[in-house]
Amino acid sequence: MRDRFWELPLEQLDRKEWEALCDGCGKCCLNKIEDEDTGEVALTRVACRLLDGATCLCTKYATRHKYVPECIVLTPEKTAETMYWLPATCAYRLRAEGRPLHDWHHLISGDREAVHRAGVSMAGRTVPETQVDDDDWEDHIIEEPV
Numbered sequence: 031m032r033d034r035f036w037e038l039p040l041e042q043l044d045r046k047e048w049e050a051l052c053d054g055c056g057k058c059c060l061n062k063i064e065d066e067d068t069g070e071v072a073l074t075r076v077a078c079r080l081l082d083g084a085t086c087l088c089t090k091y092a093t094r095h096k097y098v099p100e101c102i103v104l105t106p107e108k109t110a111e112t113m114y115w116l117p118a119t120c121a122y123r124l125r126a127e128g129r130p131l132h133d134w135h136h137l138i139s140g141d142r143e144a145v146h147r148a149g150v151s152m153a154g155r156t157v158p159e160t161q162v163d164d165d166d167w168e169d170h171i172i173e174e175p176v
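See the structure below:
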């Protein structure tokens, strides 16, 4: 990968660089509630059934669409249309807005665990969607940033 590739515009990143930009917080794998009238999105701690709540990694990343067909694939082209629900701390969102990565981001800190130590990730804070009825998601709304 190129030196300091994360400072480039998102459209200039290759696939490997794009994937490496993910900070591993797990927030994009949380279920969201969108108000149909206002378009406001509320983040819940109800996690996709494929999210490992301890590591904040997808347990079936390469084949996730086989299990979760509605899983959204983030791409540089889709960033603008998905920006409204991406977490405020998300590296993709930060870079799309022309802002730098946080000091705890693994590309800056050199440590993939820094996101967890900084308290930014959802490690240990989620509940699997298989354990929460859809009608009860509102009981699990969390404020951003976590």
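Numbering (the numbering used here), first residue to last: 31 to 176. Ideal Cβ placement from N, Cα and C applies to all residues, glycine included. Treat the numbers as computed from the prediction; the structure is a model and nothing was measured.
The C-beta separation of residue 74 from residue 146 comes to about 20 Å, leaving the pair out of contact by the 8 Å criterion. Of the residues assessed, residue 113 falls on the exposed side of the cut-off, its CB having fewer than 16 other CB atoms within 10 angstroms. Bounds of any beta strand (DSSP E) do not take in residue 131, whose DSSP letter is neither H nor E. In summary, residue 96 is exposed, with fewer than 16 beta-carbon neighbours lying within 10 Å of its beta-carbon over all protein chains present. Counting along the chain, residue 74 sits inside no alpha helix (DSSP H); it lies in the beta strand (DSSP E) bounded by residues 71-77.
With a cutoff of 8 Å on beta-carbon distance, residue 56 and residue 151 are scored as near each other. At least 8 Å separates the beta-carbon of residue 54 from that of residue 155.
Shown here, residue 38 sits in coil according to DSSP, grouped into three states, outside any helix or strand.
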